Amino acid sequence: MKRLAKSIVPHVILAIFSLLILLPLLWMLRVSLTDKLTAYKIPPEVGTLGLMNYVTIFADYPFVSWFLNSLIVALATTIISLPLATALAYVFARYNLGGAGLRLGVLASQMLPPIILVLPLFVVFLTMGLMQSRLGLIIAHLTICLPFLAWMLVSFFEGDVARLEEAARVDGATRWQAFIKIAVPVAAPGLLAAGLLGFILSWNEFLFALVLSGPDTQTLPVGLAGLETHAGVEIAPLAAATVVSLLPVFVLLPFLRKHLIKGLSLGALK
5 MKRLAKSIVP HVILAIFSLL ILLPLLWMLR VSLTDKLTAY KIPPEVGTLG
55 LMNYVTIFAD YPFVSWFLNS LIVALATTII SLPLATALAY VFARYNLGGA
105 GLRLGVLASQ MLPPIILVLP LFVVFLTMGL MQSRLGLIIA HLTICLPFLA
155 WMLVSFFEGD VARLEEAARV DGATRWQAFI KIAVPVAAPG LLAAGLLGFI
205 LSWNEFLFAL VLSGPDTQTL PVGLAGLETH AGVEIAPLAA ATVVSLLPVF
255 VLLPFLRKHL IKGLSLGALK
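In terms of the numbering used here, the sequence shown opens at residue 5 and continues consecutively.
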């Protein structure tokens, strides 16, 4: 019995925690499928389920524009920041560029409240004509993603990767060949994990998009925050829009889960 209890209790605890995590998502899905009146009722009622809220967000709101803006900005930010962060992390790991001071500065940039960065960016973008543009949002998101990814990737180029590079250099490989053919393939799980986290970070960013975007360049977080009428917040359409906004992450995670876990674990061990 003791052995059986030891095997069952951990699974029960994990199941309870999993339900606690899934409960908000299940609640949101239920609200998105109910009518507007049922969505406000407490205690909650299931009511008649349907897709009318999903039709509403596409018919009555520029949801497609919000979605495309978020997708373009997040993809561009990830594609630009990941190679730059990889190069910066490699230099930190191999040459100790700037010493501990520069590394600490990169980390400290993530501790600053976003409002401190958004006001100078607002002035600069206004002068350069980048306000209310996707390019301006991409540059603004780079200020968040680039330091975060660089700091995250430093550990992937230390330890075993460094020893493999040294062996390749002994065999006659140049520094560039060792980096491209040894370091990058070995650190690929970490790069994939960092790219996914950078995409999510840009996808969810709100403050920069709120201040720097315009009517035609609003991203999903800003658009969802604007789902409000004279009668209050439209909870049911908001829930439907939120469910759709989560789809890119849910689509990517099944394909990248193995590499994401491996990449995060590799960085933790090193």
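Positions of the beta carbon are idealized from the N, C-alpha and C atoms, including for glycine.
These numbers come from a predicted model, not from an experiment.
Span of the alpha helix (DSSP H) around residue i
| i | result |
| --- | --- |
| aspartate 164 | 164 to 174 |
| glycine 140 | 138 to 157 |
| lysine 10 | 6 to 37 |
| threonine 81 | 67 to 99 |
| glycine 227 | 224 to 229 |
| valine 215 | 211 to 216 |
Spatial distance of residue i from residue j (CA atoms)
| i | j | result |
| --- | --- | --- |
| leucine 24 | proline 118 | 30 angstroms |
| glycine 109 | arginine 167 | 28 angstroms |
| alanine 97 | leucine 146 | 21 angstroms |
| leucine 106 | glycine 51 | 58 angstroms |
| leucine 72 | serine 137 | 13 angstroms |
| leucine 273 | valine 165 | Because leucine 273 sits at a pLDDT of 44, beneath the cut-off of 50, its placement in the model cannot be relied upon, and the following sentence gives the value as read from the coordinates. Approximately 13 angstroms, taken between the alpha carbons. |
| tyrosine 44 | alanine 80 | 38 angstroms |
| alanine 243 | alanine 19 | 25 angstroms |
| phenylalanine 62 | methionine 32 | 18 angstroms |
Collapsed DSSP secondary structure at residue i in the structure displayed
| i | result |
| --- | --- |
| valine 190 | helix |
| valine 127 | helix |
| valine 237 | strand |
| glycine 109 | helix |
Local Cβ density within 10 Å of residue i, reported as buried at 16 or more and exposed below that
| i | result |
| --- | --- |
| glutamate 1 | This structure cannot settle anything about residue 1, because the visible part of the chain is limited to 5 through 274. |
| phenylalanine 254 | exposed |
| isoleucine 194 | According to the sequence displayed, residue 194 carries glycine and not isoleucine. Per the 10 Å Cβ criterion, buried. |
| isoleucine 143 | buried |
| leucine 257 | exposed |
| isoleucine 17 | exposed |
| isoleucine 12 | exposed |
| isoleucine 46 | exposed |
Review point. Do the stretch 151 to 164 and the stretch 87 to 96 touch if we need at least three Cβ pairs shorter than 8 angstroms?
Key: With the cut-off at 8 angstroms, the stretch 151 to 164 and the stretch 87 to 96 touch.
**Study point:** the stretch 124 to 141 touching the stretch 208 to 221, judged by at least three CB pairs closer than 8 angstroms
**Key:** Flag = yes, the stretch 124 to 141 and the stretch 208 to 221 touch.
**Study point:** Three or more C-beta pairs below 8 angstroms linking the stretch 54 to 63 and the stretch 26 to 43
**Key:** Note that the stretch 54 to 63 touches the stretch 26 to 43; at least 3 beta-carbon pairs, one per stretch, sit closer than 8 angstroms.
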